[in-house]
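In UniProt numbering, the protein residues as written are 1 to 635. Every residue gets a Cβ at the ideal spot worked out from N, C-alpha and C, and that includes glycine. Read through the structure below, which is laid out as structure tokens, and then see the notes.
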């Protein structure tokens with residue numbers, strides 16, 4: 001089993017609170033819990049632990065005694081070519097008015113054999129206001145003969161560069177030395193030293209030594225976890241920190257990995273490994289080949305470091321053929337709003353935007369083969385506000401308020417209400433007018449409604465309803481009964497389970513509010529609400545207003561002055577018909593809640609999923625919402 005993990009993630013996988021059961025069982029018998037290496041036998045493990053378990057070094061104290069009699073080594077020679085790798089550590093004191101400003105007061109430099117190359121107290125440029133003795137062990141008397149900061153910085157920088165100009169240090173093949181440490185950005189800033197990042201080995205930023213959340217671990221934790229001993233207990237010695245970072249570096253350096261000519265993603269030969277123009281080629285690769293490069297979702301194109309992460313993403317994202325898709329790069333988006341941002345938003349995809357501006361319809365976001373085809377399409381796609389409602393009322397000499405159940409051809413109807421205010425503060429929504437149309441935009445029912453509560457605010461500016469309109473209106477209970485009886489079409493409410501019965505599909509916007517005002521109940525399987533349909537929501541998964549949806553996806557405006565419920569019915573019906581007409585691949589079990597697909601990404605199949613390509617994972621993935629295109633297959 002191959003696991004591409006950071007060291008801390010690998011530790012959690014073997015010995016963490018929720019380890020992988022098979023790995024934990026074998027690892028506890030023949031695994032080293034320090035370096036996480038697996039040995040062939042228990043005897044080999046016992047011998048390995050003697051060399052793997054480090055102890056705190058006393059070489060610093062002995063070296064100081066032999067060199068200068070309880071003194072520090074403060075001479076550095078550039079010509080010493082043996083020290084190719086050096087470790088640096090500083091001890092900080094406080095400056096500023098509140099003592100919170102970090103100032104370097106002691107520095108230590110060692111070679112790869114843990115011998116002290118340079119150690120000195122440092123006289124900072126600003127006064128010390130807090131010596132932090134409990135941690136640093138530094139007293140005012142230690143600073144009397146301290147070396148000035150500029151002199152220390154110059155000595156260390158010259159030694160690190162080893163006679164090579166800093167601007168020429170571009171590769172690891174020159175004379176400059178590799179610098180090891182923990183949180184070196186902070187130390188180098190306090191020492192006022194600049195050094196190329198290519199020569200820095202920082203244990204705080206090395207990904208395999210980070211936490212699972214990709215945050216830095218403390219040096220104290222790293223020493224305990226990966227070296228087997230504790231440091232920074234009581235007064236801290238910078239020599240101990242240098243030794244710990246050097247040992248961590250040597251341990252990471254000694255790992256045996258497969259040799260690659262171009263190991264980094266930024267190398268010249270690797271920059272186009274996952275270029276968009278190689279997508280078809282990459283999708284045909286087998287998992288062992290893809291494992292050498294990366295993992296990318298075949299739907300949204302997000303990249304993942306491990307196959308486990310990609311499978312988990314597919315398990316929770318519910319990608320499917322029913323998602324809005326870019327016709328150019330074939331990227332799947334959760335909603336048309338996301339697709340619109342991808343194509344013509346503030347930060348669009350450059351390649352897709354260039355092609356879409358020439359051959360794409362900015363209403364339905366469809367791509368065409370030529371400009372002539374696009375021009376012909378726009379004449380059909382750009383709809384206008386309908387006057388059929390006014391003409392139909394004139395022909396009928398008023399509002400039609402009769403509904404007949406026997407007309408079973410009308411399989412889809414749209415409903416809309418106009419609301420007035422009730423209650424002491426006019427905040428209670430009361431239905432005062434309702435309209436019902438069929439899929440051909442013909443009015444089936446249109447009537448003013450007498451609510452059960454007194455109306456206190458007619459909201460004439462938007463509803464267009466005045467007191468004289470409400471004189472001979474139909475009671476709300478009678479209206480609700482007529483509508484409920486018509487949409488059920490003779491079928492009992494508790495029997496409506498699918499779209500294959502006699503009950504009618506009900507289309508509208510914010511239908512929960514309509515049902516509440518009318519006192520209606522209806523099966524959710526027959527409701528098509530444009531306010532809750534995921535492809536019509538915004539990028540934050542919030543509902544859009546019907547006015548916005550009509551302007552964006554139909555190309556005309558409604559609700560500009562007094563609002564006619566017929567206009568709202570027509571807009572929701574047109575939106576529904578446009579969503580229904582999408583040509584998606586037909587699947588036998590299209591939903592993730594269907595019996596055959598409810599456990600499609602079960603955890604017990606994890607190993608099987610990890611062997612699949614991203615395209616194969618997308619093929620078995622299912623949608624978490626009912627796509628309205630499926631209504632095309634209902635008889």
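- Taking the Cα positions, residue 515 is about 11 Å away from residue 430.
- For residue 454 against residue 422, the beta-carbon gap comes to about 7 Å, under 8 Å, which counts as contact.
- Contact annotation, residue 45 with residue 39: C-beta distance approximately 4 Å; criterion of less than 8 Å satisfied.
- Counting C-beta atoms within 10 angstroms of its own C-beta, residue 461 has fewer than 16 neighbours from the protein chains shown and is therefore classed as exposed.
- According to the DSSP assignment, residue 481 belongs to the alpha helix (DSSP H) that extends over 476–488.
- Residue 84 is positioned such that its CB atom lies closer than 8 Å to that of residue 178.
- In this structure the region 90–100 touches the region 117–130; the number of beta carbon pairs closer than 8 Å is three or more.
- About 7 Å separates the CB atoms of residue 190 and residue 103; that is less than 8 Å, so the two are in contact.
- Distance from the CA atom of residue 471 to the CA atom of residue 620, rounded to whole angstroms, is 59 Å.
- The beta carbon of residue 385 sits closer than 6 Å to those of 556, all from its chain and outside the five residues before and after it, given in chain order.
- Annotated three-state conformation of residue 332 is strand, per DSSP.
- Counting only the Cα atoms, residue 343 lies some 33 Å from residue 598.
- Of the residues assessed, residue 257 falls on the exposed side of the cut-off, its CB having fewer than 16 other CB atoms within 10 angstroms.
- Setting aside the 5 residues that flank it on each side, residue 570 is surrounded in the same chain by 386 and 441, each with a C-beta closer than 6 Å to its C-beta; the list follows chain order.
- Note that the C-beta distance between residue 361 and residue 374 is below 8 Å.
- Approximately 5 Å separates the beta-carbon atoms of residue 572 and residue 414; this is inside 8 Å, confirming the contact.
- Secondary structure at residue 566: helix, using DSSP grouped into helix, strand and coil.
- Runs of the alpha helix (DSSP H) spanning 4 or more residues and lying entirely within the region 84–159 occur at 133–136, in chain order.
- By the criterion of at least three beta-carbon pairs nearer than 8 Å, the region 572–585 is in contact with the region 621–633.
- Under DSSP, residue 457 shares a beta bridge with 421.
- Under the three-state reduction of DSSP output, residue 633 falls in the helix class.
- Inter-residue distance for residue 332 and residue 576 is about 21 Å (C-alpha atoms, whole angstroms).
- When rounded, the separation of the alpha-carbon atoms in residue 340 and residue 574 is 20 Å.
- In the structure shown, residue 538 adopts coil according to DSSP, grouped into three states.
- Taking C-beta atoms as the reference points, residue 615 and residue 350 fail to come closer than 8 Å.
- Per the coordinates, the alpha-carbon of residue 368 lies some 13 Å from the alpha-carbon of residue 381.
- By the 16-neighbour rule on beta-carbons within 10 angstroms, residue 608 is exposed.
- Sequence-distant partners of residue 328 (beyond 5 residues in either direction) whose C-beta falls short of 6 Å from its own C-beta, in its chain, are 352 and 355.
- Boundaries of the beta strand (DSSP E) harbouring residue 446: 443–450, taken from the DSSP string.
- Going by beta carbons, residue 539 and residue 335 fall inside the 8 Å limit.
- Counting the other Cβ atoms within 10 Å of the Cβ of residue 617 gives 16 or more, which makes it buried.
- Using a Cβ distance threshold of 8 Å, residue 144 and residue 93 do not count as a contacting pair.
- Excluding sequence positions up to five before and after residue 510, its CB lies within less than 6 Å of the CB of 531, all in the same chain and listed in chain order.
- In the same chain as residue 320, and ignoring 5 residues on each side of it, the C-beta atoms closer than 7 Å to its own belong to 621, 622 and 623, in chain order.
- Rounded to whole angstroms, residue 376 and residue 370 show a C-alpha spacing of 10 Å.
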